[in-house]
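Colleague: Below is a structure I'd like to ask you about.
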Amino acid sequence: MGSRDQAIPRVYTVAILECDTPIESVVKQFGSYGDIFDRFLRNELAKYLKHTPTSQDVDLRLIKSNMVDLGDLPAFDQVDCLLLTGSKHNAFEDDPWILRLVGYIRTAYQTTEITIVGVCFGHQIIARALGGVVQRNPKGWEVSVVHIDLTPKGRELFNSASINLHEMHRDAVLQLPDGVENLGTSPVCGIQGLYAPGRIFSLQGHPEFNGVIMSEIVTSRWGQKVFDKEMFENAMSRADAHHDGAMVGEAVWKFLMEGDREAGELY
4 MGSRDQAIPR VYTVAILECD TPIESVVKQF GSYGDIFDRF LRNELAKYLK HTPTSQDVDL
64 RLIKSNMVDL GDLPAFDQVD CLLLTGSKHN AFEDDPWILR LVGYIRTAYQ TTEITIVGVC
124 FGHQIIARAL GGVVQRNPKG WEVSVVHIDL TPKGRELFNS ASINLHEMHR DAVLQLPDGV
184 ENLGTSPVCG IQGLYAPGRI FSLQGHPEFN GVIMSEIVTS RWGQKVFDKE MFENAMSRAD
244 AHHDGAMVGE AVWKFLMEGD REAGELY
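Set out below in structure tokens:
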């Protein structure tokens, strides 16, 4: 009864809340942010299960909804996890779709036990929804592969003193919400992730990005004159550097599955 082959797979549903559409060159190669996370989540879940032989098999089901276009907000009783993607938009603005998303995440956190995961803009929205402060980062842009020193909680989660992740942001969480821990720091951004046991796991960086995606975005922003030549060249020089996206992805699944077991749902 205890072997993986005999166990009935646990259906685990993740709602991917798409907070933007990638630039055209990225869409052509990799699809929407929902598509990018689809591949990322499935790949990293497979690795997690391979490295955790006592785990029950998981039947991963994904719901994708476009937040900018006011797509459906998934019913809380239909999902196990909400995942908020990155975006070119500002998480501190009061556009109707942003306010709607902030309210939805706040309600999910306050009234359910759903796990909430976010990256970049999604990380910032979670912080805002929980009462943190999100604004323009006084230290400016953080772009391409960045070295992050982990806090004690970050070291525990990632089993490492530091990680490298792709970054693409000018806004930042400047003050933590109550009851939430910071996962790491960098010279440009002091709050690199949020953690609350069994509920919140977010990152300012992009574990789902690769060097091609980063290079396309950097090149686009250079062409739009968002980045000057020095920033462009510096970012491009690091776009293909080693990053720990896969390790982070496995750690996220460990967090999700262990939280699920604690809730008594896996066994």
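Position in the sequence shown counted from 1, then plus 3, gives you the working numbering.
Glycine is no exception: its CB is placed at the ideal position from the N, C-alpha and C atoms.
Less than 9 Å between the C-beta atoms of His-246 and Asn-167, yes or no?
Modeller: Yes, the Cβ-Cβ distance between His-246 and Asn-167 is below 9 Å.
Colleague: Could you pull out every residue in the same chain whose Cβ sits closer than 6 Å to the Cβ of Val-29, ignoring the five residues on either side in sequence?
Modeller: Closer than 6 Å at Cβ, skipping near neighbours: Ile-216, Glu-219.
Colleague: For Trp-144, which residues from the same chain have a beta carbon less than 6 Å from its beta carbon, with the 5 sequence-adjacent residues on both sides left out?
Modeller: Excluding sequence neighbours, Trp-144 sits near Arg-173.
Colleague: Check each candidate in Phe-95, Glu-47, Gln-81, Ile-11 and name the one with the smallest Cα separation from Arg-139.
Modeller: Checked all of Phe-95, Glu-47, Gln-81, Ile-11; the closest Cα to Arg-139 is Phe-95.
Colleague: Which residue from Asn-185, Pro-210, His-209 puts its Cα closest to that of Tyr-198?
Modeller: The candidate whose alpha carbon is nearest that of Tyr-198 is Asn-185.
Colleague: Go ahead and pull the three-state DSSP assignment for Leu-269.
Modeller: With a pLDDT of only 35 at Leu-269, under 50, the local geometry of the prediction cannot be trusted, and the value read off the model is given with reservation. Looking at Leu-269 - three-state DSSP - the assignment turns out to be coil, as it is neither helix nor strand.
Colleague: Straight-line CA distance for Ser-105 to Ile-129?
Modeller: Per the sequence shown, residue 105 should be read as Val rather than Ser. Cα to Cα, Val-105 sits roughly 7 Å from Ile-129.
Colleague: What number of angstroms, rounded off, separates the C-alpha of Ile-39 from the C-alpha of Gln-207?
Modeller: Their Cα atoms are separated by approximately 17 Å.
Colleague: Run the CB neighbour count on Ala-78, radius 10 Å, all protein chains shown included, and call it buried at 16 or more, exposed below.
Modeller: Exposed: under 16 other Cβ atoms inside 10 Å.
Colleague: Report, in whole angstroms, the separation of the C-beta atoms of Phe-230 and Val-221, which I expect to be a contact under 8 Å.
Modeller: Between Val-221 and Phe-230 the Cβ distance is about 7 Å, and since that is below 8 Å, they are a contact.
Colleague: So who's on the other strand from Glu-184, going by DSSP bridges?
Modeller: Paired residue(s): Tyr-198.
Colleague: Evaluate the contact criterion for the stretch 12-24 versus the stretch 65-82: three or more CB pairs, one atom per stretch, below 8 Å.
Modeller: Yes, they touch.
Colleague: So Gly-248 and Pro-200 are supposed to be a Cβ contact under 8 Å. How far apart are they, rounded?
Modeller: That pair is no contact at about 23 Å.
Colleague: Given this structure, state the Cα-to-Cα distance separating Glu-265 from Gly-226, to the nearest angstrom.
Modeller: Residue confidence for Glu-265 is low, a pLDDT of 45 falling below 50, so the modelled location carries little weight; the figure read from the coordinates is stated next. So the alpha carbons of these two residues sit roughly 49 Å apart.
Colleague: Just the Cα atoms here: how many angstroms apart are Leu-269 and Glu-159?
Modeller: Unreliable placement is indicated for Leu-269, whose pLDDT of 35 sits below 50; the coordinate value is still reported in the next sentence. Rounded to the nearest angstrom, the two C-alpha atoms are 23 Å apart.
Colleague: Return yes when the Cβ of Val-137 is within less than 9 Å of the Cβ of Ala-164, no when it is not.
Modeller: No, the pair does not count as a contact, with Cβ atoms beyond the cut-off.
Colleague: So, at 6 Å on beta carbons, what are the nonlocal neighbours of Val-122 in its own chain, with the 5 sequence-adjacent residues on each side left out?
Modeller: If we look at Val-122 and ignore the five residues flanking it on each side, its Cβ neighbours are Gly-89, Leu-206, His-209.
Colleague: Where does Met-70 sit, in a helix, a strand or coil, going by DSSP?
Modeller: Coil.
Colleague: Between which two residues does the beta strand (DSSP E) containing Ile-117 stretch?
Modeller: Element bounds for Ile-117: n/a, residue is neither H nor E.
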